[in-house]
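Here the structure comes first, spelled out in structure tokens, and everything after it is commentary.
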Amino acid sequence: MHSVDSPIRFRIQGETNALGQKEINGNVEVTLSQICQRCLEPFETKFDLPIHWIPVKDESEQEFIGDDEAILVVDEDDVNLLELLEDELLLALPLVPKHDLNEDCEGKDYLEKLQPQEETRQPFAELAELLKK
226 MHSVDSPIRF RIQGETNALG QKEINGNVEV TLSQICQRCL EPFETKFDLP IHWIPVKDES
286 EQEFIGDDEA ILVVDEDDVN LLELLEDELL LALPLVPKHD LNEDCEGKDY LEKLQPQEET
346 RQPFAELAEL LKK
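Numbering (our numbering), first residue to last: 226 to 358.
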């Protein structure tokens, strides 16, 4: 990450779902400037991450919650939401930041030039013809 270009905005709301479980829902919005690993130029990426956690006292309660749900283990009375939101943002960052395919990027153009322009030769095609005889 190169820099944070906007304020980090988040909205969090506590609810109870149809099963009577407590939920934390919301989203995080931020614009980051990253360095493209193809052309080494900065580019902006906007993140709008949905937040959906089900708080539990310990991991043994996970068996009562669906596998596709994100649990939040709360073993203390206080939870540092800023740290949790920071973790969500870090997990959303790409391993290799690069421009989208529809954006101009000198590195992408270079990679396209490296691809073979001619049809590749198939050395075993001749062998297949010989075996047919």
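Backbone N, C-alpha and C define an ideal beta-carbon position, used for all residues, glycine too. Owing to the predicted nature of the structure, the values given are computational and were not obtained by experimental measurement.
Exercise. Reducing DSSP to helix, strand and coil, say where residue 348 ends up.
Key: helix
Quiz item: With distances taken from CA atoms, which of 242, 321, 262, 301 is nearest residue 332?
Solution: The option with the nearest alpha carbon to residue 332 is 262.
Quiz prompt | Segment limits, alpha helix (DSSP H) that includes residue 307 | solution = 306-317
Self-check item: Under the three-state DSSP convention, the category residue 320 falls into
Solution: coil
Quiz prompt | Between the CA atoms of residue 272 and residue 258 - distance to the nearest angstrom | solution = 11 Å
Practice problem: Throw me the rounded Cβ distance for the residue 276 and residue 304 pair, which I believe falls under 8 Å. | Solution: About 13 Å; that fails the 8 Å criterion.
Self-check item: residue 308 vs residue 298 beta-carbon contact at 8 Å
Solution: Taking a C-beta distance under 8 Å as the contact criterion, residue 308 and residue 298 do not qualify as a contact pair.
Practice problem: Provide the residue span of the beta strand (DSSP E) that contains residue 249, from first to last. | Solution: 247-260
Quiz item: In three-state DSSP terms, what is residue 326?
Solution: coil
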